[in-house]
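Taking it in order: structure first as structure tokens, then the write-up.
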Amino acid sequence: MTRRVPVRVQLSMAALVLLVMACLAGPMVLQRDPTVIGDVLAQRFSSPFTTDGTGAWHLFGTDAFGRDVLARLLLAGRLSLLVGAAGAVLSGLTGALLGVLAGWRAGWVDLLITAASDMLQAIPRLVLLLACAALWRPGIPTLVTVLALTGWMGVARLVRAEVQGLVQRDFVAAALALGATPRRLLIRHILPNAIAPVLVATTLGIGSAIMLESGLSFLGLGVQPPLPSWGNMIAGGREHLVTAPWIALAPGLAVVITVTAATLIGDWLQERAAGRARG
Amino acid sequence: MAHLLRRSGIAFILLWLVCTLTFALVHSAPGDAALLLLPPEADAATLARLRADLQLDGPLLQQYLRWLGNIARGDLGTSLASGRPVIESVAAALPVSIGLGLSSLLLTVLLGVSIGSAQARRVGSTTDTALTMLSTTLYSAPTFWLSLAAVAAVTVGAASLGVPAAWRLPAFALRDPGVLDERGALADLLRHAVLPVMVLAVTGAAGVARFARSAIVEAAGGDVRRTALGKGLTRRDAWSRHVVRVALPSIAALVALSVPGIVAGSVFVEGVFAWPGMGKLLLSAVAQRDHPVILAVTLLYATAVIVTNLLTDLVLPLLDPRRGRA
Chain A
4 MTRRVPVRVQ
14 LSMAALVLLV
24 MACLAGPMVL
34 QRDPTVIGDV
44 LAQRFSSPFT
54 TDGTGAWHLF
64 GTDAFGRDVL
74 ARLLLAGRLS
84 LLVGAAGAVL
94 SGLTGALLGV
104 LAGWRAGWVD
114 LLITAASDML
124 QAIPRLVLLL
134 ACAALWRPGI
144 PTLVTVLALT
154 GWMGVARLVR
164 AEVQGLVQRD
174 FVAAALALGA
184 TPRRLLIRHI
194 LPNAIAPVLV
204 ATTLGIGSAI
214 MLESGLSFLG
224 LGVQPPLPSW
234 GNMIAGGREH
244 LVTAPWIALA
254 PGLAVVITVT
264 AATLIGDWLQ
274 ERAAGRARG
Chain B
37 MAHLLRRSGI
47 AFILLWLVCT
57 LTFALVHSAP
67 GDAALLLLPP
77 EADAATLARL
87 RADLQLDGPL
97 LQQYLRWLGN
107 IARGDLGTSL
117 ASGRPVIESV
127 AAALPVSIGL
137 GLSSLLLTVL
147 LGVSIGSAQA
157 RRVGSTTDTA
167 LTMLSTTLYS
177 APTFWLSLAA
187 VAAVTVGAAS
197 LGVPAAWRLP
207 AFALRDPGVL
217 DERGALADLL
227 RHAVLPVMVL
237 AVTGAAGVAR
247 FARSAIVEAA
257 GGDVRRTALG
267 KGLTRRDAWS
277 RHVVRVALPS
287 IAALVALSVP
297 GIVAGSVFVE
307 GVFAWPGMGK
317 LLLSAVAQRD
327 HPVILAVTLL
337 YATAVIVTNL
347 LTDLVLPLLD
357 PRRGRA
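Protein chains in written order, with our numbering: chain A, 4 to 282; chain B, 37 to 362.
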């Protein structure tokens, strides 16, 4: 039954765990406040693996204000990972809830939810996010809310189809015949069987949520400086692309590693779920 | 024919829903566009006049109906920032974006499907795993970051490698100033298009390849391939004439699905490479809180998505070899 976990998935899991631990512990261990600006002239634009004018050593160098890039990267990682995970989990939950509702209650509830989902899917997610971020005050609460509200449609569609199939299965009829209440039927029989697509979509959603967060922050519509996020760090490094490419390079690599790992794990979960469904 | 009418009807209703949603979004946002435009010392009469000018007066339902009527007549309103009709800015930006979008979509499909099918022929091999890793990484890299890397490569990178100036690719804008004759202008435009089109095509192709691979692998596992081999076709013919054909409809469906991605990618690409298209228009409208322009661009993007979905819906049955030719 238990198949071997592919090497690339093991590596992805290890990378994610390491990254999360580094982001949690790093800012405490490094003893450098990544938002405080010190002796700018002596410390700025120190390249990776060198010491700056005050004698401090920087693994990933310093930025235009002399702040340590690694320390900022790890602090930014806390926010980027948190926003990404919160966005993905909330859209997964919203999608599961609406999907169950649409699949369970046929008729106008189903019609309403399907119409809302089709409508939101017709607008590219980034465009919707941009419009919302422009209309409301940019910031972390807006970002997470909008990520959740624009990401639930795929999950809802999958769960709806799953529930519609499950309702017609014999074990549901058997449970009903044994006198199960609708609530018990839903919680004990339908939900556990419909949970797989939610998990897969949520894992894959973490990647896209982190990517969208970095994109919006890059445009100045997400996490606002001086709070660092991977996206606004890349934006900060944009002006110094020629003289100090490491400022934009490091946070970009962090995004690539995180999203690649989440995608590989999500793909693997999807293959497993599909294999199980086929029997 | 009935199918066509039904699908078009649904597309039309969707379009109306999208219009209503964007209108509701803009009007539920905090802040008053008229207050935003006026100096704080303006009196109530000026405010009322400006509200009337911007068509922000009257009950919400009346505003909504008036706005919907204007859209139906092709009037997208007036830009708050420039005071010019929105349709003018859109008309200038649209061809630029369509050129960028179509050429990168074409490259995306060509690259993505050939890489995906090459992988599917060697499932489980080292090449397959390496290509999967590569496409997943590219798919996971933010478009704006890849664009910045491309800019760095053709500027600093090319200079440090000693590439002669005439050979270097331009990093920004649509054209160089001062190129006057027509043939020179076209060559100049193409040179400027290389980077943005490549960035969009490479990220798009990574996504398409991931999907095409699994679609073709699935088709190859089915009865089609066994039957084709059983009736004596060579492996190669069985592959190209049967397996790939069976996978074609799902790949075509993916192309429709990748349109929103290309739109999103092009917003960043146009931003970084300073291409004066719809994406750049949207970004500057967002920066200036120019509501009518944001509304118009959102609607146009949604229209593009809905129309592509409709077209795919109508074309897909024609592509599927299992449906026969009716």
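Ideal Cβ placement from N, Cα and C applies to all residues, glycine included.
Since this is a predicted model, take the numbers as computed values, not measurements.
With 16 other Cβ atoms within 10 Å as the buried cut-off, status of residue i
i, result
"residue 350 of chain B", "exposed"
"residue 49 of chain B", "exposed"
"residue 7 of chain A", "exposed"
"residue 176 of chain B", "buried"
"residue 353 of chain B", "exposed"
"residue 174 of chain A", "exposed"
"residue 307 of chain B", "buried"
"residue 232 of chain A", "buried"
"residue 219 of chain B", "exposed"
"residue 365 of chain B", "Limits of chain B in this structure are 37 at one end and 362 at the other, which puts residue 365 of chain B out of reach."
"residue 39 of chain B", "exposed"
"residue 110 of chain A", "exposed"
CA nearest to the CA of residue i, picked from the options
i, options, result
"residue 277 of chain A", "B:109, B:254, B:153, B:82", "B:254"
"residue 305 of chain B", "B:240, B:164, B:157, B:223", "B:240"
"residue 61 of chain B", "A:68, A:137, A:172, A:49", "A:137"
"residue 160 of chain B", "B:52, B:267, B:250, B:63", "B:250"
"residue 21 of chain A", "A:48, A:77, A:66, A:70", "A:77"
"residue 129 of chain B", "B:278, B:355, B:337", "B:337"
"residue 122 of chain B", "B:107, B:145, B:136", "B:107"
"residue 334 of chain B", "A:99, A:257, A:147, A:132", "A:132"
"residue 137 of chain B", "B:171, B:296, B:310", "B:296"
"residue 31 of chain A", "A:54, A:9, A:75, A:61", "A:75"
"residue 146 of chain B", "B:332, B:242, B:279, B:131", "B:242"
"residue 244 of chain A", "A:11, A:61, A:66, A:24", "A:66"
"residue 195 of chain A", "A:148, A:246, A:166, A:153", "A:166"
"residue 275 of chain B", "B:291, B:258, B:314, B:55", "B:258"
Cβ pair residue i, residue j closer than 8 Å
i, j, result
"residue 212 of chain A", "residue 150 of chain A", "yes"
"residue 231 of chain B", "residue 301 of chain B", "no"
"residue 248 of chain B", "residue 148 of chain B", "yes"
"residue 208 of chain A", "residue 29 of chain A", "no"
"residue 217 of chain A", "residue 240 of chain A", "no"
"residue 346 of chain B", "residue 44 of chain B", "yes"
"residue 72 of chain A", "residue 253 of chain A", "yes"
"residue 318 of chain B", "residue 303 of chain B", "yes"
"residue 140 of chain B", "residue 287 of chain B", "no"
"residue 18 of chain A", "residue 260 of chain A", "yes"
"residue 252 of chain B", "residue 110 of chain B", "no"
"residue 80 of chain A", "residue 264 of chain A", "no"
"residue 244 of chain B", "residue 144 of chain B", "yes"
"residue 10 of chain A", "residue 271 of chain A", "no"
"residue 227 of chain A", "residue 144 of chain A", "no"
Beta carbon proximity, residue i to chain B, threshold 8 Å
i, result
"residue 111 of chain A", "no"
"residue 139 of chain A", "yes"
"residue 173 of chain A", "no"
"residue 262 of chain A", "yes"
"residue 121 of chain A", "yes"
"residue 217 of chain A", "yes"
"residue 266 of chain A", "yes"
"residue 221 of chain A", "yes"
"residue 168 of chain A", "no"
"residue 26 of chain A", "no"
Within-8 Å CB hit, residue i to chain A
i, result
"residue 144 of chain B", "no"
"residue 176 of chain B", "yes"
"residue 249 of chain B", "no"
"residue 304 of chain B", "yes"
"residue 103 of chain B", "no"
"residue 325 of chain B", "yes"
"residue 134 of chain B", "no"
Self-check item: contact_flag[the region 111-123 of chain B, the region 315-332 of chain B] where n(CB pairs < 8 Å) is 3 or more
Solution: yes
Quiz item: Should the region 206-225 of chain A be regarded as contacting the region 87-97 of chain A, the criterion being three or more beta carbon pairs within less than 8 Å?
Solution: yes
Quiz item: Does the region 97-116 of chain A come close enough to the region 142-159 of chain A to have 3 or more Cβ pairs within less than 8 Å?
Solution: yes
Self-check item: Touch test, the region 252-272 of chain B against the region 170-186 of chain B, Cβ-Cβ under 8 Å, three pairs minimum
Solution: no
Quiz item: Counting pairs of Cβ atoms below 8 Å between the region 335-346 of chain B and the region 124-133 of chain A, do you hit three or more?
Solution: yes
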